[in-house]
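Following: one structure in structure tokens, then a few remarks.
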Amino acid sequence: MKQRIIQQAAVAAALALILVGFTTTVKAHHSFAMYDQTKVVTFTGVMTQFVAQANHAELHFVPLGADGKPLRDAAGKPVQWGVEMAGAAAVAQQGITVQSFPAGTIFSVKLNPLRDGSNFGSRVGGLVKCPAKTFPAPGKHCDSVAGSEKLGGDF
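Here the sequence shown stands for residues 8 to 162, numbered as in our numbering.
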């Protein structure tokens, strides 16, 4: 009887350690410490790639400058940005899919940028998609364009 109690205690302790390890892993994966949550940057850009992943879907895009033209670096190449969102299944329920955001889609997004200054961030709120091939006025975002579509929450 005493040996059975010791075995049950050992199994319970092992399960507790596994659970603590799993919980720590999950929390580490979902840490937003790398994003500067004190800053919210709003971009309107042209979609270059939708990356549908189980953990985090990503939109890759070229932002539009204040003049309404795609941003370019000193060498004249388009500046690329990316934004992380929830998993592909979760954003699909919000209407954000590979099919609804093909390359060339013009959209606006708010994000918390990476602390290290890299061109990537974490989505804040919803997205606004401009009507096909319709750019907002220079300095404006898709929410100012008639016929725009809000997806995934408030913009």
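Positions of the beta carbon are idealized from the N, C-alpha and C atoms, including for glycine.
**Asked** Could you give the distance in angstroms between the alpha-carbon of residue 60 and the alpha-carbon of residue 94?
**Response** 6 angstroms
**Request:** Would you check if there are 3 or more beta carbon pairs closer than 8 angstroms linking the region 72–85 to the region 99–109?
**Result:** no
**Item:** Extent of the continuous alpha helix (DSSP H) run through residue 98
**Value:** Per DSSP, residue 98 belongs to the alpha helix (DSSP H) from 95–99.
**Asked** Does the Cβ-Cβ distance between residue 111 and residue 53 come in under 8 angstroms?
**Response** yes
**Item:** Residue from 87, 83, 134, 84 whose Cα sits closest to the Cα of residue 160
**Value:** 134
**Item:** residue 80 versus residue 88 - alpha carbon distance
**Value:** Using only the alpha carbons, I get a separation of about 12 angstroms.
**Message:** Taking 8 angstroms as the cut-off, does the region 118–126 touch the region 134–143 (at least 3 CB pairs, one atom from each stretch)?
**Reply:** In this structure the region 134–143 does not touch the region 118–126; the number of beta carbon pairs closer than 8 angstroms is below three.
**Asked** Do you know offhand how far residue 130's Cα is from residue 39's?
**Response** 11 angstroms
**Request:** Determine the extent of the beta strand (DSSP E) in which residue 54 is found, giving its start and end residues.
**Result:** 48–58
**Prompt:** Buried or exposed: where does residue 153 fall if 16 or more other Cβ atoms within 10 Å of its Cβ makes it buried?
**Reply:** By the neighbour-count rule (16 or more Cβ atoms within 10 Å), residue 153 is not buried but exposed.
**Classification of residue 96 by the beta-carbon crowding that lies within 10 angstroms, buried from 16 upward** = exposed
**Prompt:** Is residue 155 helix, strand or coil when you go by DSSP?
**Reply:** coil
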